[in-house]
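Student: First residue of the sequence shown? That's 1 in UniProt numbering, and the numbers climb one at a time after it.
Cβ atoms here follow ideal geometry from the backbone N, Cα and C, with glycine treated the same way.
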Amino acid sequence: MLPNLITLLNSLNQRLGKGESEAIALGIELNADYILLDDSAARREAKRLGLSIKGTLAVIKNINKDGKINI
Numbered sequence: 001m002l003p004n005l006i007t008l009l010n011s012l013n014q015r016l017g018k019g020e021s022e023a024i025a026l027g028i029e030l031n032a033d034y035i036l037l038d039d040s041a042a043r044r045e046a047k048r049l050g051l052s053i054k055g056t057l058a059v060i061k062n063i064n065k066d067g068k069i070n071i
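(1) Apart from the five residues just before and just after Lys47, which ones in its own chain have a Cβ nearer than 7 Å to its Cβ?
(2) So what does DSSP say about Ile36, is it helix, strand or coil?
(3) List the residues that DSSP assigns as beta-bridge partners of Ile60.
(4) My guess is that Ala25 and Leu12 are in contact by the Cβ rule of under 8 Å, so how many angstroms apart are they, rounded?
(5) Around the C-beta of Leu51, are 16 or more other C-beta atoms found within 10 angstroms, so that it is buried, or is it exposed?
(6) Measure the beta-carbon distance from Ala42 to Glu20 and round it to whole angstroms, keeping in mind my assumption that it falls under 8 Å.
(7) Are the beta-carbon atoms of Ser55 and Asp38 separated by less than 8 Å?
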């Protein structure tokens, strides 16, 4: 992980849970198309940092729509 991402991660850890902070930092590091977040504070922070987000429910709806699961 790059030094500036470590600094970001340390900053995020002060405001968010460890999992949410790691997800955001990894999303930035990997230049992810989107990241999965359900926590509202984490979603706001991810958007502020320019990340695209999806929630768990949206993913479940999409895979149900695609016929990969049946609900």
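Tutor: Looking at the coordinates:
(1) The sequence position of residue 47 within the sequence shown is 47, counting from 1. Result list for Lys47: Ile53, in chain order.
(2) Against the sequence shown, residue 36 aligns to sequence position 36. The amino acid at residue 36 is misidentified as Ile; the sequence shows Leu. DSSP places Leu36 in strand when its eight states are reduced to three.
(3) As a working mapping, residue 60 is identified with position 60 in the sequence shown. The partner list for Ile60 (beta bridge, DSSP) is empty, contrary to what the question assumes.
(4) For this step, residue 25 is matched to residue 25 along the sequence shown. For this step, residue 12 is matched to residue 12 along the sequence shown. Indeed they touch by this definition, with Cβ atoms about 7 Å apart.
(5) For the purposes of this step, residue 51 is taken as the residue at position 51 of the sequence shown. If you draw a 10 Å sphere on the C-beta of Leu51, you find 16 or more other C-beta atoms in it, and that means buried.
(6) Here the question's residue 42 lines up with position 42 in the sequence shown. Here the question's residue 20 lines up with position 20 in the sequence shown. Indeed, because the Cβ distance is near 4 Å, the residues count as touching under 8 Å.
(7) Locating residue 55 in the sequence shown gives position 55, where the first residue counts as 1. Locating residue 38 in the sequence shown gives position 38, where the first residue counts as 1. It is Gly, not Ser, that sits at residue 55 in the sequence shown. In contact: Gly55 and Asp38 (Cβ atoms closer than 8 Å).
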